[in-house]
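So the structure is just underneath, and the comments pick up after that.
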Amino acid sequence: PTGKTSGHPTGNLPTCQTDVFRQSVNSVIIEKIHDFVRQGKICKSIHTSFCDKLMTYTGGSVFLTIDGVSKIATIMLNYPEKMNALSGKMMVDLHDIVSELEGWTEGKGVLMYGSNGSFCSGGDLETVSKIQDPELGGQMCKFMQEVTTRLHNLPLVSVALVQGKALGGGAELTTACDFRLMTESACIGFVQVKMGVSPGWGGTSRLVKLIGRKNALDLLTSGRLVHADEAKDLQLSDGTLPESDALLKAFDWLEQRTIGSVAAIHAVKSTVVVAENSDIEESLRHEQNVFKTVWGTQQEALMQ
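My numbering applies: residue 3 is where the sequence shown begins, and numbers increase by one.
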């Protein structure tokens, strides 16, 4: 199971509210996500048997914390002796945390980081060595694509804080967040090509959208490490933080981008997700539908 604590930077998971306008926003978002599932744009859940298999590949943990005041959650990848590489158990942990955040109707943002000054070095090699069969590899790919897509589509503003290295699957994981912040000495590397494989957790698709076809191809075929300055030039990173108090500074950075009401944040994120995945006509229709659910709530928002 996942770890969960509370207080700033943690807090208690707020009780779901029944405000009509907030329910309306959530219902529009959920219906649109269901549309994507029906169209094959989001991977369907894998069989429980494979999830059970992943749970046998133990090591490390993923911890979810909630700050009930700022309404920002944090996700910590914790396997320091492996540079926070994801074991099978941690993959399932992350899946469960994303599922929990999908149901957190009072949330505004989520910050992901790794323990001990390192983000994530990809898939744990012990786990990977046990699923060398192409069929099992395909199931892992489908599982992690679903997890990262659902993370990307959360109605929360998401930030990956990259300290140390984000390599392979760890680099892919950063692209599942809306923003990436890097410390001065951090680097991101899509190193899969050096191991004779291609990215399989959705990283290629998202990277092309983030930095363009040519730049993405350069990083993916060279497997080179991208440091903070270049990452910012490529628009892969959205800011560089000093090493000291990086987590607190990243939290503050996210707070500045979640100043609106919960309903407004969810509405904005929903329209961005649909615009990213739809044609202009569908995007405009969705924007109009969401706008109607929050119009008239301005006074309540100003009082929050």
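C-beta: ideal position from N, C-alpha, C; glycine also. No experiment lies behind these values; they were computed from the predicted model shown.
**Q.** Buried/exposed call for residue 165, threshold 16 Cβ in 10 Å
**A.** Classification for residue 165: buried.
Q | Distance between residue 73 and residue 198 (C-alpha atoms, nearest Å) | A | If I take the Cα positions, the gap works out to 42 angstroms.
Q. Which residues in the same chain have their Cβ closer than 6 angstroms to the Cβ of residue 97, if we skip the five residues on either side of it in sequence?
A. 149.
Q. Beta strand (DSSP E) containing residue 65: first to last residue?
A. From DSSP, the beta strand (DSSP E) with residue 65 extends over 63–69.
Q: Could you name each continuous alpha helix (DSSP H) segment of 4 residues or more that falls completely within the region 199–277, going from the start of the chain to the end?
A: Within the region 199–277, the complete alpha helix (DSSP H) runs of at least 4 residues fall at 205–213, 215–224, 230–235 and 248–257.
Q.
Out of 75, 110, 153 and 57, which one is the CA nearest neighbour of residue 101?
A. When each option's Cα is compared against that of residue 101, the closest is 153.
Q | Closer than 8 angstroms to chain D by CB, residue 299 | A | The structure shown contains no chain D; it holds only a single protein chain.
Q) Among 279, 266, 195 and 162, which one has its Cα closest to the Cα of residue 109? A) Restricting attention to 279, 266, 195 and 162, the CA atom closest to the CA of residue 109 is found in 266.
Q. What are the boundary residues of the beta strand (DSSP E) that residue 196 is part of?
A. For residue 196, there is no enclosing beta strand (DSSP E), as DSSP marks it with neither H nor E.
Q. Going by beta carbon distance, what residues of the same chain come within less than 7 angstroms of residue 233, once the five residues before and after it are set aside?
A. Answer for residue 233: 184, 190 and 239, listed in chain order.
**Q.** Assigned secondary structure, residue 178 (DSSP; H/G/I helix, E/B strand, else coil)
**A.** In this structure, residue 178 counts as coil in the three-state DSSP scheme.
(Q) If contact is defined by three or more beta carbon pairs under 8 angstroms, each pair taking one atom from either stretch, is the region 109–125 in contact with the region 77–84? (A) The region 77–84 vs the region 109–125: in contact.
Q. What three-state label does DSSP hand residue 50 in the structure shown?
A. Helix, per DSSP.
Q.
Helix, strand or coil for residue 151? Go by DSSP, reduced to three states.
A. Residue 151: helix per DSSP, three-state reduction.
Q: Whole angstroms is fine: what's the gap from residue 50's alpha carbon to residue 254's?
A: For residue 50 and residue 254, the distance between alpha carbons rounds to 38 angstroms.
Q) Is the region 256–271 close to the region 209–227, with three or more CB pairs under 8 angstroms? A) Under the three-pair Cβ rule at 8 angstroms, the region 256–271 does not count as touching the region 209–227.
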